[in-house]
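If you read the protein sequences in the order shown, they are chains A and B.
According to the numbering used here, the stretch in the first sequence is residues 379 to 485, in order.
According to the numbering used here, the stretch in the second sequence is residues 3 to 627, in order.
I have placed the structure first, in the form of C-alpha cells, so that the comments after it can refer back to it.
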Amino acid sequence: MAVSATETAATRVKTFLEKRGKGIGLRLGVKTSGCSGLAYKIEFVDAANEEDKLFESNGINIYVDAKSLQYLDGTVLDYTKEGVQEGFKFTNPNVKDECGCGESFTI
Amino acid sequence: MALLQIAEPDMAGNPHQRNIAIGIDLGTTNSLVATVKSGEASVLVDHDGRKLIPSIVHYGTDETIVGNQAISFRVEDPANTIVSVKRFMGRSFSDLDSNITYPYKFIASGDSIQINTRNGAKNPVQISADLLKYLREIAVEAMGEEPTGVVITVPAYFDDAQRHATKQAGELAGLNVLRLLNEPTAAAIAYGLDSKNEGTFLVYDLGGGTFDVSILRLTKGVFEVLSVSGDTHLGGDDFDHRLFCHILEKCALSQLNDSDSTLLLMKAKSIKEQLTLSDRASFNVVLSCKKIVNFSITRHEFEEIMLKLVQKTLLPVKKALRDAKLDKDEINEIVMVGGSTRMLLVRQVIREFFNKEPLTSINPDEVVAIGASIQADVLVGNKKDDDWLLLDVTPLSLGVETMGGLVEKIIPRNSTLPIARAQDFTTYKDGQTAMTIHVLQGERELVKDCRSLAKFTLRGIPPMVAGQARIRITYQIDADGLLSVSAKEMVTGVSSSIEVKPSFGLNDGDIGKMLQESITNAGIDIEARLYQEAIVDANAILDSVEKALFADSDLLEELELSKINNSCLKLKIAIAKPVDNYRSSSESLKHLVEELNHVSSDFANIRMDRAINKAFSGKKVSDLE
C-alpha cells in the first residue's frame, strides 16, 4: 500500500512548509461525510500520530492514517492550474464515482 | 474535480474565516477588552486612546454614558451613576453589606436588587450589559468587525448565581460568551504559566475595591483552584480613603458636602498614583465653600500611613496557604494582578513575605484581560489546540444514527473540549412528525458496531413532504465532559434535548479496542455503509413510485403499468435478499434503482402535466399573472 506525490506537488508542498516555518510533512486523509460517502482532506503535519503510515515521495513526507489508507492506496497527489484556480488534485484509482463538485466520492 | 489547499493540522473543513476573539476583564472598578492580533495579545483602546474603562454607567436624560465620560457624573448625579455594579451581580438585598450607604434609589422588588434610575428600574445584569455593550463597541471599532466570541473573567469565588448573572449580561449585550474564566487563571495564562505543565502559583489580586488571593495548581496543563481567600472590601479605594482621612486630619477639614468629598477622594487617588513614580506629590484645590486646600506628602510618609493596610493583605494570603495545605516555600510563582500592586510598598511586603520576586512584568491592570483574550483566541479556533493548554479531548467520535442504521459523526475523536457542533438533518417520510435521535459513540460506520449512549425523540415536527423539514442536531460537550444533545425543528422551533456523560463506563483499554476495530474493519465498514445507503435510496424511490401509482395509476397504459410494477417487485426482492457480498449487492441495487427510474420517467412526466392542468384549469391568463 502506498500513496505518492508528483514532482510539481512535492515542490509546492516544500515551499508551503518553508513559508509556514514549521511542520514535518503533509497529511492526506479521507473523512466520511454527509450524503456522498467520502471527502478528501489535506493538512500540514506538526507531529505524527501513532496510527500514521509514512510515505516518502519526491522528497516530502506524506502521512496517512491507517483507516484512510484503505481508500487512498495508489493515490497520486498532483498540483495543477485550472483557469484562475490552482491547487492540489487527487488521482485515486479506488474511486468509482465522483459528485459534481469533486470534493466527495465513492469507491 | 475541485482543487484543494492545505489546511492547518486538524483544521481541514473549516475554510478561511476570520474569527475575532476578545477577552473581557469585567472589573469592579475598571474593565478592559483585549484581543490577539497576529499571535500577540493586546488591550484595545477607546477613541480617547484609553485602555482602562471605568466600570461606571451613567443613565443620562438623553443617553447612557459609560466609562471615562461617566466619571464626572459621580459627583454631579450620583443617583443615576452606577459604580461597582459587579458587587451586586447575582446578589440579593440580604447579601448587601448594611454598613455601606449607596447613593442609589433601590426599589423593593422581592429580594432582587433593582435600582431606580432616570431611565427606569435597572437590575445589575442590565447595568453590566450596558457596560459590556460599550466594551463591545470598542472592540468593533478597533477590529472593524463584530467579535466572534468572547471570554469574560469572573473572580474564582463567584458562585453559580453570580456566574450566571455575568453570562446573562454578556448575552444581553449581544456577545457570544464562549466561557467564563476565573480571573487568577487568566492572569496565570497571560504569564504563560500554563506552558510549564506543572506548578503551584499564588495570584495576588489587589484591585480597586476588592482583594483576592487564589492558589492554583497546574497538573498536565489543567488549572485547578486549590483555595481562594480575600477581602471583598479592600483595595485601592481603601488606600484612597485612608489617605483622604489623613488629608482631612492634616488640613483640619470637616463636614464636607458630597461633591467636595468626591473631589478630595479623587485627589487622594491621584497622589497615590503619582507616588509610585515620584518621591513627593502635592495638590491645591478650592472647595465649594471657597476654602483652599494645599496638601503635600512624601512617599515615605505615605508608606507609613499605608503599611497597616498593606499588611492586612497578608492575612488572606496566609489563610489561602493554610486552606491549600501548603507552605509558602511551595509556591513556585507569585502573580501580581490589579492596579494597586503597582504600589511599591505592596511589592515589597510580598517579596519579603515569600522571599521571592513576584511576577510584575505585565501591566497588572491588563494581565487578566490579556489572559482572557488568549483563551478566547483558542476557543474560537484560531490556534491549534495542542500548541496550548490541553484541557481534555473526546476519546471517541460522537455521532447520530441516520436511515439504514448508519452513523453520521458529529464530533470527531480527539476534539478539544469544550466543543459544540451542529448538523442539519431532514425527514425521510412524507408527513413525518417525529424523529428519534440516537446518540452513538465510536469510530465504526454502522450503528450496531458503535456504543449507544442515549436515545430521545423530537416530536411536533409539522407534517411536510419528505426532505423539507430542517432539523438541527447540536452536540455540545462542556469543559466538564458533559454531553448535551439537542434537536430543533428550524421552522417551528420545537426542540428536545438530553444530557449524557460520554466517557462513562469506558476505560482506556475499551477505547483502544474500539479504535483498533475501526481500523481493521475499515474496508468492510465502508462497503457496508455504501450498501446501507443504496438500501435507503432504493426504499425512497419505491416509496415515491408506489405513492404515485396509488394516486394516478389511471394515467398509465396496461403495459406500462405492468413494467413499473415488475421493476418495483425486482427491487423489493433485491432489498430483501440476504447479503453475502456488500459490493455486488450494492451494485445490483443501484442497477435496479436506475431501471425503475427509467421505466417510470414517462409516468412522472404525465403526472406533472396533470398536476399543472389541475392547478391552472378554470383560470384566465390574467389570473395567472
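The beta carbon of each residue, even a glycine, is placed where N, CA and C say it ideally should be.
Could you check the C-alpha separation between Met345/B and Asn365/B for me, to the nearest Å? Taking the straight line from one Cα to the other gives about 13 Å.
Given the structure, does Leu594/B come close to the ligand MG, in the sense that its CB is under 7 Å from one of the ligand's heavy atoms? You won't find the ligand MG in this model; it holds no ligand whatsoever.
By DSSP, does Met338/B sit in helix, in strand, or in coil? Met338/B: strand per DSSP, three-state reduction.
The segment 417-443 of chain A: positions lying closer than 7 Å to chain E by Cβ: The question asks about chain E, but that chain is absent: this structure's protein chains are A and B.
Leaving out five residues on either side along the sequence, give the residues of the same chain with a beta carbon under 7 Å from the beta carbon of Ser454/B. Cβ neighbours of Ser454/B beyond the five flanking positions: His440 and Leu442.
9 Å Cβ cut-off: residues of chain B touching Leu359/A: Since the displayed chain A opens at 379 and closes at 485, residue 359/A lies outside it and no answer follows.
Could you spell out the range, first to last residue, of the beta strand (DSSP E) harbouring Ser454/B? Its beta strand (DSSP E) spans residues Arg453 to Arg461.
Less than 6 Å between C-beta atoms, sequence neighbours within five positions excluded: which residues of the same chain meet that for Ile566/B? Contacts found: Val601 and Ser602.
Do you know whose CA, among Thr429/B, Leu448/B, Ser498/B and Ile479/B, lies nearest Pro464/B's CA? The option with the nearest alpha carbon to Pro464/B is Thr429/B.
Below 7 Å CB to CB, which residues in the same chain sit around Val127/B once its five sequence neighbours on both sides are set aside? Cβ within range, chain order: Ala167, Gln170, Ala171 and Leu174.
Local conformation of Lys292/B per DSSP, three classes: Here DSSP, grouped into helix, strand and coil, assigns Lys292/B to coil.
So with Cβ pairs under 8 Å, would you call Lys445/A a contact of chain B? Lys445/A counts as touching chain B.
Beta-bridge partners of Gly25/B, as assigned by DSSP: Answer by DSSP bridge pairing, in chain order: Ala36/B and Val153/B.
With a cut-off of 8 Å on the beta carbons, I'd call Pro11/B and Val423/A a contact; round off their distance for me. About 6 Å separates the two Cβ atoms, so the contact holds.
DSSP three-state assignment for Glu226/B, whether helix, strand or coil: In this structure, Glu226/B counts as strand in the three-state DSSP scheme.
Run down chain A in chain order and give the residues with a C-beta less than 9 Å from the C-beta of Pro11/B. Those within 9 Å of Pro11/B in chain A are Gly401, Arg405, Glu421, Phe422, Val423, Asp424 and Ala425.
Would you be able to state if there are at least three C-beta pairs under 8 Å between the segment 425-436 of chain A and the segment 31-38 of chain B? The segment 31-38 of chain B vs the segment 425-436 of chain A: no contact.
Have a look at Met437/B and Arg461/B and give me their C-alpha separation to the nearest angstrom. Roughly 7 Å between the two C-alpha positions.
Does the separation of the CB atoms of Tyr650/B and Val337/B fall below 8 Å? Lying before the first or after the last residue shown, residue 650/B is absent from chain B, which here runs from 3 to 627.
Alpha carbon of Thr63/B to alpha carbon of Asn82/B, nearest angstrom: Put simply, the backbone Cα of Thr63/B is about 10 Å away from that of Asn82/B.
Flag this pair as touching only if the segment 242-249 of chain B and the segment 324-341 of chain B have three or more C-beta atom pairs under 8 Å; answer yes or no. With the cut-off at 8 Å, the segment 242-249 of chain B and the segment 324-341 of chain B do not touch.
Could you have a look at Arg423/B and say whether DSSP puts it in helix, strand or coil? In the structure shown, Arg423/B sits in a strand (DSSP, three-state: E or B).
Whose C-beta lies closer than 6 Å to the C-beta of Glu226/B among residues of the same chain, with five residues either side of it excluded? Cβ within range, chain order: Arg219.
I want to see whether chain B comes within less than 8 Å of Gly465/A, judged by CB atoms only; does it? Yes, contact with chain B.
Grab the span of the alpha helix (DSSP H) containing Asp430/A for me, first residue to last. Boundaries for Asp430/A: no alpha helix (DSSP H) harbours it, while the beta strand (DSSP E) harbouring it runs Asp430 to Ser435, taken from the DSSP string.
Helix, strand or coil at Met437/B according to DSSP, with G and I counted as helix: When secondary structure is reduced to three states using DSSP, Met437/B falls in the strand class.
Determine the closest residue to Ala131/B out of His60/B, Ser114/B and Asn199/B, with distance taken between C-alpha atoms. Per the Cα distances, His60/B.
Using DSSP with H/G/I as helix, E/B as strand and the rest coil, what is Ala380/A? Three-state DSSP puts Ala380/A in coil, outside helix and strand.
Determine, using beta carbons only, whether Val408/A and Ser382/A come nearer to each other than 8 Å. No Cβ-Cβ contact shorter than 8 Å links Val408/A with Ser382/A.
Quickly, what does DSSP pair Tyr418/A with across the bridge? List them, please. The partner list for Tyr418/A (beta bridge, DSSP) reads Val408/A.
Quick check on this structure: which residue in Asn436/A, Ala380/A and Gln448/A has the alpha carbon closest to the alpha carbon of Asn523/B? Nearest of Asn436/A, Ala380/A and Gln448/A to Asn523/B, Cα basis: Gln448/A.
For a test of the three-state rule: what should DSSP assign to Tyr441/A, helix, strand or coil? DSSP places Tyr441/A in the strand class (E or B) of the three-state scheme.
For Thr212/B, which of Ser57/B, Gly25/B and Gly237/B has the nearest alpha-carbon? The shortest C-alpha to C-alpha distance from Thr212/B to any of Ser57/B, Gly25/B and Gly237/B is the one to Gly237/B.
What residue range does the beta strand (DSSP E) around Tyr61/B cover? Ile58 to Tyr61 is the span of the beta strand (DSSP E), which, as asked, contains Tyr61/B.
Gln71/B, enclosing alpha helix (DSSP H) - first and last residue: Where Gln71/B is concerned, there is no enclosing alpha helix (DSSP H), given that its DSSP letter is neither H nor E.
Quick one: which chain A residues come within Cβ less than 7 Å of Ile629/B? The structure shown does not extend to residue 629/B, since chain B spans only 3 to 627, so no value can be given for it.
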